[in-house]
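Peer 1:
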Amino acid sequence: MLDTVDVNILEGSSIRIRFRHAALVIDPGGQGSKTSADAVVFLDPSGNLDLSRVTDYRLIVKGAGEYEVGGVKIEGVRSNAGFIYNIIGDGLSVFLGKTQELSKLKEEVSTSPQVAILNVDSQLEPSIITKLEPKVSILYGSSKEDGVRALGKENIIPTKKTTILKDKLPLEMEVVMLG
């Protein structure tokens with residue numbers, strides 16, 4: 000079995016991250032259909048989110064700390080009003096956060112994930128991405144197009160789903176826009 004992670008947009012700023020033995024729904028909300036997941040993760044627990052959009056979850060992650068579900072390890076760190084997460088599953092390291100929170104962290108970001116998944120809800124500072132050094136940056140959210148431009152990329156077509164294979168990570172950073 001290949002080490003992969005699937006990321007797809009659900010509705011608005013809600014996404015689903017699927018590892019081999021666990022699925023995570025990030026910031027559920029909107030009017031879309033229900034989806035199943037092993038865990039629900041909140042980037043901003045004070046936001047207008049809707050747990051009724053998710054079925055079969057065993058874990059709710061909405062704060063700092065260490066969590067595990069289906070072999071996927073999640074480490075949450077507080078960042079002002081919300082949280083950022085380092086997730087390790089199926090041999091892949093994933094950084095998850097909102098750009099609004101990242102811009103306030105500048106010096107504290109010290110991880111080097113293979114994948115960075117960012118809800119671009121404010122201006123994306125390219126220096127943050129440079130410091131993270133991900134092989135793949137997945138952008139979604141209300142300002143995703145601006146984030147793509149800030150990274151110097153053009154002609155990136157939004158996609159509903161992307162699959163990252165550990166054995167086929169690009170040599171130079173690749174940018175994916177979910178929408």
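Each step along the sequence shown adds one to the number in numbering that gives the first Met the number 0, with nothing skipped, and position 22 is 21. Note that beta-carbon positions come from the ideal geometry of N, C-alpha and C, so glycine has one too.
(1) Would you list, in sequence order, the uninterrupted alpha helix (DSSP H) runs of no fewer than 4 residues that lie entirely inside the segment 57-110?
(2) Could you work out which residue in L101, S121, H20 and V135 is closest to V76 when comparing CA atoms only?
(3) What does I14 pair with, by DSSP beta-bridge criteria?
(4) Could you check whether P133 and A115 sit closer than 8 angstroms to each other, using their CB atoms as the reference points?
(5) What do you get for S142, buried or exposed, if any count of 16 or more other CB atoms within 10 angstroms of its CB means buried?
(6) By the 10 Å Cβ neighbour count, where 16 or more other Cβ atoms means buried, how is I86 classified, buried or exposed?
(7) Skipping 5 residues on each side, what residues in its chain have a beta carbon closer than 6 angstroms to that of V135?
(8) The beta strand (DSSP E) that contains K160, what's its start and end?
(9) With a 10 Å radius around its C-beta and 16 neighbouring C-beta atoms as the bar for buried, classify T98 as buried or exposed.
(10) Taking the alpha helix (DSSP H) that L131 falls in, what are its first and last residues?
Peer 2: This is what the structure holds:
(1) Entirely contained in the segment 57-110, the alpha helix (DSSP H) runs reaching 4 residues are, in chain order, 98-104.
(2) For the purposes of this step, residue 76 is taken as residue 77 along the sequence shown, with counting starting at 1. The shortest Cα separation from V76 among L101, S121, H20 and V135 belongs to L101.
(3) Numbered from its first residue, the sequence shown carries residue 14 at position 15. Per DSSP, I8 and I25.
(4) The residue you call residue 115 lines up with position 116 of the sequence shown. The residue you call residue 133 lines up with position 134 of the sequence shown. Yes. Within cutoff.
(5) As a first step, residue 142 must be located in the sequence shown, where it is residue number 143. S142 is buried by the Cβ-count criterion.
(6) The residue you call residue 86 lines up with position 87 of the sequence shown. Classification for I86: buried.
(7) Locating residue 135 in the sequence shown gives position 136, where the first residue counts as 1. Same-chain partners within the cutoff: V114, I163 and E173.
(8) If you number the sequence shown from 1, residue 160 lands on position 161. Residues K160 to L164.
(9) As a first step, residue 98 must be located in the sequence shown, where it is residue number 99. Buried.
(10) What you label residue 131 is simply residue 132 of the sequence shown in a count that begins at 1. Looking at the DSSP string, the run of the alpha helix (DSSP H) that includes L131 is P125 to L131.
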